[in-house]
Ligand SMILES: [Zn+2]
């Protein structure tokens, strides 16, 4: 069983200790993800390694996995997109250092404390497709097919609740009295 990750950590110390963090981060608490993709369930599975690379740069490396709920823009049905985002960031304390290390990789500015959920959310947002769609177009046709099949049922319901149908029934009853 994976455990929940701490809210925030001191990444500089974790680099010194060459620590590996492994755990889960609930998606429902990520407000920016909700803004982009709607309300989410489940949790991201996270593995982060804090280390110094061969050039001596403090780095965060690892992987984030999650199933993000999206709406397919081809068939408009909700679907789960499995995301697997590799993480490889150089830890820097300010803008100046961020510019200096850009030749070696992507910097992340953390003066002291790192809010893990923010980092995980950033990475998931990076992994979201611009236009979400079922990967396999056949999935879309299957959904549209199901929608068409259920169509006759719907029109029956409509007839039942149609006020004119009730009027018609009344009329025919009155006619039989005559
Ligand atoms: Zn679709």
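In the numbering used here, the protein residues as written are 411 to 588.
Virtual Cβ for every residue (Gly too), placed ideally from N, Cα, C.
- With fewer than three CB-CB distances shorter than 8 Å, the segment 477-494 does not count as touching the segment 456-465.
- When C-alpha distances from residue 455 are compared across 433, 438, 440 and 509, the shortest belongs to 433.
- Secondary structure note for residue 453: it is in no alpha helix (DSSP H), and the uninterrupted beta strand (DSSP E) holding it is 453-462.
- Annotation: the continuous beta strand (DSSP E) that includes residue 478 extends over 468-481.
- Leaving aside the five residues that flank residue 521 on each side, the residues in its chain whose CB is nearer than 6 Å to its CB run, in chain order, 503.
- Between the alpha carbons of residue 468 and residue 431 lies a gap of roughly 15 Å.
- Residue 515 places its beta carbon less than 8 Å from that of residue 500.
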